[in-house]
Structure formats: structure tokens, C-alpha cells
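Residue numbers (full-length UniProt numbering): 1 to 1178.
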């Protein structure tokens, strides 16, 4: 079988990525698949594979397979203490055995050649050493029956498991796994052979029909793959049990020290994944189950419904719009479209992103990747289940490119590097290899070895690290955000944004598509060894170091460095936050001293000191790291290196928050310190809060155990109720019986009895315990803790642990504790609790109730503050009305008007959220019989208004009180309310009435609202032109249909006129005249309208004008009149000859001008001269 070397594998992946290197430029809100002939062919290929898969895994064959796996089993058990990983059935001969209807499959199997393969997402599902759990024993039996079902036909003479169970020989198994990881219950008819390598000649299916493949192949090269492939093809069967998410998250445990501080990658780092892909199976990096329960046996339809080939064909059809998600068989009964799409995306994403070139599906994925288009964030993978799976695969491989271009998503996250940012060359960084791995501390996660450089790599730009000769064991990393989000349903950023590379002596170039802070990471401790490394190509990032960076340097320059992420470093801690959060931070010294104090306090509680030798020497040489992100793999924060926070923002940079409200920070730091030997699975999220309580106390805050829930109960109330319960199945650690904070009371009670020194001694005890005495499983951890707690307290604590129903091994542990000869505690430890420093308030009622406890009128209550007994801590009063009301800050007396009984609660609360006990007053109101209806009035204004009007109704009732008021506008249906908006024009009638608590209804009342927003209408009988010699009469009509006309002003040529406008002949001069009418209605609206008309005159009217003037006495001399008439006649006779007519008009003009003011009245002379000039212009 042809081998794929890591080099060939890398080159194959790089060519795949190259096809997407330039990134599509089509901007879409979701990923889309392009419709192309090539894609159609890919669809057909997948469809063909799906049909083949269904043919191979449906019908009688699949039903028989499932029946065998579930023989005598109601289902596959799941455990909250062991989150099983997801697996996938990929090949045509693969099928799902166990399917979580809410997530992904967790057991699958496949036929290959003449052999078979069984894959479980948890080693609990193939544990032949099991002796107590009947379901797991049956699952092992059934798995071996299926694995060996065809072994005799492939290799006659072998003993299958059916024969072995019947006493016809013993099953022969082979493994490379050490005894510490895999054993067989001696009661089973199985012989186990251990070999050093799968290349051993003993790997023969004719001799060993079943092989268990475990730890060694997880960390070795691909050299084992051809041997195992040949073994299965020739009739052997293998079983694999592993959690993919554990392989990725805890890579150093499987891949060695080279992976310290980083996660693994199933599709790249693990030969086991390539082997499984050969067989058409695969591990995923998700958790398939998280709770105690039972996964029922799937039907053949359900098993096929979660097969990857089926889901790819369906996902493509959904994205192409040819399949409705309702037709897809996924999820629990009644699952909606969102649930089905989420499960589909989870299975496809988990499978495809971890796919290797060994899978026959790999070529199809390569073909489809070229059809991806650009996306935007946040991205809901369920909206494009196949396309997002392709993208996850592509992005997961991006780090393989040596010199990737800048990603189009880099500006979104990690952020923008300004084009003007100065590039730094030759910055020297000292690397100290003289560190410890602190394994002697036996804590969950000692700090790692990242070294901050104060530099940031711009996306798509090379960074060169020059390493001196002879230096080894050194990595460089770009980016602080190491969480891999590929398994998340929604991506708020690119899932993988960091890049890490091992350095060699000489210049090393690293380039990231996304950019990020630059870290140097020593991976091999070397005592008394230091070196200096030179870095070029980065830009400066805001980087504060307590005790080194002065306040002026920080304020005047460092905090304004251009990188989008900043780091603040104290003695013990480095905090990584967006630079935008620290631009206005004037001096980080107090902040970092506060952060350092958290770690110092945890050191003290754990009994660690920088002055003590191992195993009690503090990890002071390496800082703990805290990194903010816009999305992380789990929760709002999680422990690890670094500790990650989801959008904590200013909660990380505000001193008051870190000191007083930093529970999340204290909690995750506590996880780092949790001692593995006494951290059994049920208390992982319980005992961690000892550190939080200790830091909380050291900072002067009150215990969170005193915080109360909506029912007014604190953690002690809940714990005491649990302690006094007589439930026969009561078990400490069962969260359905007592929540995590209630369980924390057990640990706090031990501290109240024996001081914090008790836990310091406990940490010390476990660090000093010889390695061969360390507990190896949860039961041993519980048993050892009970014995150690008694020994260190000097008291026999069995009664205490019995009261708490601690599930220790009764006979063995009792014997060990009794052998210590210790006295019983003087005071029952389970009765201890902290005192609440907040005194409850009191509630005073006005008026006080009568002798029967009732009031006849409204009651006003006043809350009198109880105060805080903690110096410097301020508390405020709150009240709540009713059992389900909302707690409200008390500021002034509150009146209760409702008849009957009303419960009023009051409490004190401080700024940290601690509350006192609440007090209760029941207000009882019963008013005398009331037969008088309410009285409702309105504030409607009389008269007319030009704008919308709001009418407010005021209802009063001297008896039981008004409960409802109704109104109707213009006959519309009645509505409830007391504020009425009237907007439209017209006369509106409002009808209204109220009802009191006794049911009395008042008679309907009315109010009128008048609104007129329009001015009056103006009309006039104006013609376009009139002769000067004719009388003029203009009639104007002004109307207003709503409020009516209040006043009208008429103006002709700016002079006041009347209505109608009347003028005798010759009253108006020739030319245009303007009549302007301004009308105002009773609401104050004004309308203005203008009418223009022309006064004209012709040569034919000259004689009429002169005679009229003579009649009116405007021409006083008859001789002059006759002279003028003669000249007018001359003009009229010469009208056919324009030149002669103009000469005649000029003669007339001269005489009029000469006689003006003498024998011709001046006003008429001006009128006549204007007429003459008008005629001359024609």
C-alpha cells in the first residue's frame, strides 16, 4: 500500500489551498456554491456514493448489524463524567452504531476487505477490563461478536468470540497498547498478546483475529498504516476507542513536548485519523454526549440519516433549493428545521475539516472547494451546512502555506494594522531556557512558556526571526487566540487564526494570513541557558511591563502603538486585550498589581512560595496568561494556557471589577491551581471555587455563598435542605439534588472549622504524596480525600462526609480513618455557616392596619434601611411587590391601592450583589361597600385649533378607586386609556366613562375637539383683460367649511379695496393690475390669493376717451376738446400707415402735454399720455 509521507501530505494540501489563495471577491452574507458542470458531476458522484452506502448499510444487513450490537441492550449509556467524542461514518461500507439525536454519532463501524473495524468515541465503549457496569460489559461482548462474525470464513481455523463464549476455545487479541492503558478482565475468554510494533510478523489475522489500536499509533508516523490496512483487508478486525476532542485539546500527551502549549489537529497530526479514513471512518473534535443517560438503539433509517455521504447529498440539495429540510431524518422526534440544520452542519463540519488524503471522499472535497465564495461574520453554519464544512476544512489547512496572502477576514479579526505603521527591524529578545515544567506541583495547568515580544505581525507580511547557531527547542507563534472554533455552530470569527512554527538556527521566516502578536516559545528546558533572538518585520504593539515601563512612557507613546492588540504584564500575569481598551488607560500599575495579587493569593492558599524548594516552589518564573477574544470554544471563559475570555472587555482592565466583581477571573485562575489528585470529575466546577472564595475574602468582599436566588435562598439554605433530606439515593455530586454552589458549602464548612490552613496543608500533602500512592481514578480520589481530610484536620470526619452522602468506599475508608484514632469534631461541622454582614431592612405601613389586620384605604409602605456591618461597604434597599415581582431600588414611599392581600418584600443589597435576608409585609385592603361611580373630567379646550390636540381624562373615586377608563372618538369602538390624541380636521366628539373597583360605571360624558388646519377658499370673477373705457366690477367669494371666515382684506395694487371691486371707465391706467385677497378663518388659518388682469386701450377708443373726459369736465375748454378730437380722428384715419399714425399720435401727445394743468385736468392728462405711449408701443 502506497505511503503518504508528511512532506507529500503537506504539498497535497498546499495545492488545495492554492486554488483558494486569491480568495473569492463575491460578497455574500452566507457561503454559496456555484452552479457549474464540475459541481454537477460532484453532486452525481456523491449521489452515487450515497446510494452505494445505503445499499451496503440498509435493509437486512444493517438491521442484523444493529441487532447484534444492541443484543440485550436498551441503549448505549452516556456519562457526564466522560464526555464521549463524535465519530463519523464516511465510506460506502461504514455505518453508524450509536447516534446522539442532539449532536453527532459516537460509535460507528465499517467493513473493509475481509475484515471489520469498530470505532468508539470513548474508551468506555471498548473496555474489556470492565468488571462492574453490566451495559458496558454487554457492549464489549456485542462488539467482539460483530468484529469476529466473519473471521472464520476469511481465516478458517480461528476462534471467533461466539466460539469463545461457548467454551470452544479462547479469542486471541493483539495490541501495542501498554498494560497501563488496556487490559482484559481475566474472567473473559480472551488471550491478549502485546507487541512492540504493528510491523511485527505476529500481526496475522489467522492467529489474532482482533487487534486493539490505541496510544502508540496516535503519536507515531504513518509507517504503521500499511500493516494495519493489510491486516484488515485480509480478514482481521480492529477496535479503536478515542475522543477526538481530547486528542486535539491535549496534544502534548499524545504527540510529545513539541506540542506543549498548542493544540493538535486531527486531520494533520494524527496517523490514527489517516488509518480510520482508509476504512471509511473518522474521529471528530466535538463532544457527542455530556450528560448521564441512555442513547436508544437507532433504526436503520436513523443510522443512515447520520451517514456523511447521505448528509452531503442532502446538504447540497438544501443549498441548491431542491430539498426541504423537513424531509431530512435527523434529530429527536419533532425536531424543527433549525435543529436539523445545526446537527447536519455539526456532523459535516466535524468530518470534513478533519478529513485526510487517505479518505476516498477527499478528492470530492478538493473539487468542491474551488466553488466557495466569500463569507461574512458571524456565520451560522446551519444555513450552509456543506459549504461551511468545506470552509472549515480549508481554513484548518491554511497554516500549511509558507507565505499566505493577507486574508480578507484579517481586518475583522484579529484587527486592522494601519498601512502607516512603522516596521521594526532587528529587535532583540532574550530567551531563557532555564524554566521548569512544574510537574511536581500536580496542578491542572501550570503556566506555559510564551515570551511576549511587544511586536505584532501584520497579516500577509513576512516576519524574520534570526536564531543563533546551536539553539534548538524554540518555536515562534503568531497570534494569542489559540481556541479552535471549527466545532462551533456559529462562527464570530475565522475558527483558526494562530500559526506556530519551530525555529532552526539562522534566519526563519513566518507569515500569517491573519496576523497577530508575536511570541517566542521555548519547548525544551535547559538549565542555565539563555540566548538572544532578533526579530524583523513586526510593528509595535502596546506592551506594558510593571516595574519597567514608566508611567510617562506608557502615557505618551507606548499605549498609542499601532497594533490592534495590547499586553499588560505584571510580576505573575500577562493580560491580552484589544488596544482600544487601553488607549485611555493612564497608568496600568495599580491594575497589574491587583492581577498579580490574585495569583499571589492562590499561591498562598496552595502553600507555594518562591522561596521554597520543589515541590512547594511557586511557578513565579512563568506568568499566567489571560486573553480576551470575541468567541471561545466553551462558556464565557475557560481555563488553560492561556486562560480565555469571551468579550470580557473592560472587565479585565477595570481595577474595581478585578477586585470586587472578578469571580470569573478568580474562578478560571483557580482551575489552573486545582490539584489533579483530589479533583474528581463531579467536583471539577465545585472545589475550584475555593480559590475564588479565598481571593474574594482577601479583597475584602463578602462570600458568594451568601448571595440569594429569586426565592431568597442562599447556598447555605440549599445545602442545609439537602443535608436534612431523607432521600434514599442522596449522593454528593449529583447536581439534580444540589447545585454546584450548594456543594461548595461542604468545602467551605471544612474551612470554617479548620481555617484556610487546612487547605494549604491539603495541597502540601498531595504534592508530597509518593507517586505510587497517588489515586488513579475518581473513586480512589474520593477515598483518599476523605482519609486525608480526617488526618489533616485531626478529627474523624466520617460523620461529616456521611451527612453529605459522600460516595466513598465505605468499608475500606472507614477502616483507614478509624485506624487513625481521631476524635469526633466538637461541633458538627455540617452545621457551620458564614454570617451575613447585611442587616435586613424593615417595612413600615401608613396607615397601620386595624385590629383585624386590614386597611380600608390605600396603604403606603416605607422601607427603612438595615445597613452593612462591613466597613466601607455601602448597601441599598430594594423592594418587590408580589411573589413574582421585580426587585426595584427603593427611593421613596410606595402606595398600594389594590384590594385584597398584597405581599411586599424588602432586602438590602451591596455593589457586589450580596443580599440580606428579605423581610415580608402583607398589606390587606378591604374598602367599605361603594355605590358611587367615579367622576371623569377632560381638559379639552373650547374653540378651534390648527394642530393635533391631546385630551387627558382625569378620573377620581372616593370609594374603591378607579380601575378602568374607556373612551370613544367619533363613534369608534371604546378603547381603554386616559390619553387621547386627535389629529384629523373636523369637529370630533369624544365620549368617555370610568369604572371603579366596586364595578360602578359612570354615565357617558362628552367632549368636543375642533381642528381646522386649512385656510379659507378664495374665488373671484376676474377676466384676463378689460378696456379702459368700460366699467369694471370684480366680485370676490370667500368661504370656510370648518371654522368659518373671520376676516378678509382686499387690496388692488396695494391699496385697500372693497368687495365687490367697482371702477368706472377711465378709472384705471392702462397696464397690469393685481387684486390681492387675504382671508383668515376662526382657527387662525390664513389664505392669500392674488388675481391679475390687464387694462388695455386701442386707437379706436381715442375719441370715446376724449368725449368722456369732456363730459366729466376734465377738459374745460370746448375748443381744446375739438382740437384734440380732430387730432384723434387723424390718428384713426392714418392707422393703416404706421409711420403717419405715429406722427399723428405725436401731435396729439404734444397738445395734451401743453394743456396739462391748464385746460386739461392733470390726472386725466397723465392717464391720456400713458394711453398714447401704450398705442405708440403697439
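Beta carbons: idealized from backbone N, C-alpha and C, even for Gly.
Simplified DSSP state of residue 902, which is helix, strand or coil:
In the structure shown, residue 902 sits in a strand (DSSP, three-state: E or B).
- Item | Proximity below 7 Å, CB of residue 239 to CB of residue 212 | Going by C-beta atoms, residue 239 is nearer than 7 Å to residue 212.
- Out of curiosity, what's the CA-to-CA distance linking residue 275 and residue 378? Rounded to the nearest angstrom, the two C-alpha atoms are 35 Å apart.
Proximal residues to residue 1160 (C-beta, below 6 Å), its chain only, five neighbours per side dropped = Answer for residue 1160: 1115, listed in chain order.
Worksheet item: DSSP three-state call for residue 949: helix, strand or coil?
Response: Annotated three-state conformation of residue 949 is strand, per DSSP.
Backbone CA spacing between residue 1126 and residue 1146 [nearest angstrom] = Residue 1126 and residue 1146 have their C-alpha atoms some 13 Å from each other.
Give the single residue among 839, 842, 860 whose Cα lies nearest to the Cα of residue 849. Residue 849 has its Cα closest to that of 860, out of 839, 842, 860.
- To the nearest angstrom, report how far apart residue 755 and residue 727 are at their CA atoms. Across the structure, residue 755 and residue 727 are spaced so that their CA atoms are roughly 31 Å apart.
- Could you pull out every unbroken alpha helix (DSSP H) segment of at least 4 residues lying fully inside the region 1133 to 1160, listed in chain order? Counting whole runs of 4 or more residues, the region 1133 to 1160 contains the alpha helix (DSSP H) stretches 1138 to 1155.
>> Suppose the cutoff is 8 Å on Cβ atoms and the five residues either side in sequence are ignored; what does the same chain contact list for residue 1235 look like?
In response: Beyond the ends of the chain as shown, which are 1 and 1178, falls residue 1235; an answer cannot be given.
Alpha-carbon to alpha-carbon, residue 520 and residue 475: Taking the straight line joining both Cα atoms gives about 6 Å.
How many angstroms separate the CA atom of residue 996 from the CA atom of residue 696? Taking the Cα positions, residue 996 is about 54 Å away from residue 696.
For this session: Tell me the start and end of each unbroken alpha helix (DSSP H) in the region 121 to 168 that is at least 4 residues and wholly inside, in chain order.
Result: Entirely contained in the region 121 to 168, the alpha helix (DSSP H) runs reaching 4 residues are, in chain order, 134 to 147, 151 to 154, 161 to 165.
Query raised in the report: To the nearest angstrom, how far is it from the Cα of residue 746 to the Cα of residue 804?
Result: Residue 746 and residue 804: Cα-Cα distance of roughly 8 Å.
**Runs of alpha helix (DSSP H) wholly within the region 468 to 528 (minimum 4 residues, chain order)** = Listed in chain order, nothing qualifies, since the region 468 to 528 has no complete alpha helix (DSSP H) run of 4 or more residues.
What does residue 193 pair with, by DSSP beta-bridge criteria? In the DSSP secondary-structure assignment, residue 193 is bridged to 174.
| Do residue 1100 and residue 1128 have their C-beta atoms closer together than 7 Å? | No. Outside cutoff.
Open item on the list: Distance check for residue 465 and residue 503, CA to CA, integer angstroms please.
Closed with: Between residue 503 and residue 465, the alpha-carbon positions lie close to 8 Å from each other.
Same chain, Cβ closer than 6 Å to residue 651, five either side skipped, listed in chain order: The residues are 657.
**OP:** Could you please give the first and the last residue of the uninterrupted beta strand (DSSP E) stretch that includes residue 920?
**Re:** From DSSP, the beta strand (DSSP E) with residue 920 extends over 919 to 925.
Buried or exposed for residue 609, going by 16 or more other Cβ atoms inside 10 Å?
Classification for residue 609: exposed.
- Item | Backbone CA spacing between residue 295 and residue 305 [nearest angstrom] | Near 16 Å, if we compare the C-alpha coordinates of residue 305 and residue 295.
Report task. Could you say if the region 429 to 446 and the region 540 to 559 meet the contact criterion of at least three C-beta pairs nearer than 8 Å? Result -> Verdict: no, contact absent.
Q: Rank 186, 183, 175 by C-alpha distance to the C-alpha of residue 228 and give the top, closest one.
A: Cα-wise, what sits closest to residue 228 is 175.
ask   = Can you find a CB in chain D that lies within less than 7 Å of the CB of residue 84?
value = Protein chain content of the structure displayed is limited to a single chain, and chain D is not contained in it.
Apply the 10 Å Cβ neighbour rule to residue 1165 and answer buried if 16 or more other Cβ atoms are within range, or exposed otherwise.
Residue 1165 is buried by the Cβ-count criterion.
inquiry  = Can you look up residue 1073 in the DSSP assignment and give me helix, strand or coil?
reply    = Looking at residue 1073 - three-state DSSP - the assignment turns out to be strand.
- Item | Rounded C-alpha distance that separates residue 347 from residue 284 | A direct Cα-Cα distance of roughly 8 Å separates residue 347 from residue 284.
Distance check for residue 324 and residue 157, CA to CA, integer angstroms please. About 52 Å.
key: residue 324 in three-state terms, based on DSSP   = In the structure shown, residue 324 adopts coil according to DSSP, grouped into three states.
Practice prompt. Flag this pair as yes or no: are the beta carbons of residue 1010 and residue 987 separated by less than 7 Å?
Written response: A Cβ-Cβ contact shorter than 7 Å links residue 1010 with residue 987.
- Could you have a look at residue 547 and say whether DSSP puts it in helix, strand or coil? For residue 547, the three-state secondary structure derived from DSSP is coil.
- prompt: residue 277 and residue 359: beta carbons closer than 7 Å?
  reply: Taking a C-beta distance under 7 Å as the contact criterion, residue 277 and residue 359 qualify as a contact pair.
Original post:
Given residue 1088, which residues of its chain have a CB within under 6 Å of its CB, disregarding the five upstream and five downstream residues?
Top reply: 1078, listed in sequence order.
When you compare only the Cα positions, how much space is there between residue 332 and residue 735?
-> Approximately 25 Å, taken between the alpha carbons.
Quiz item: So, using beta-carbon positions, are residue 914 and residue 706 closer together than 7 Å?
Solution: For residue 914 and residue 706, yes; Cβs fall inside 7 Å.
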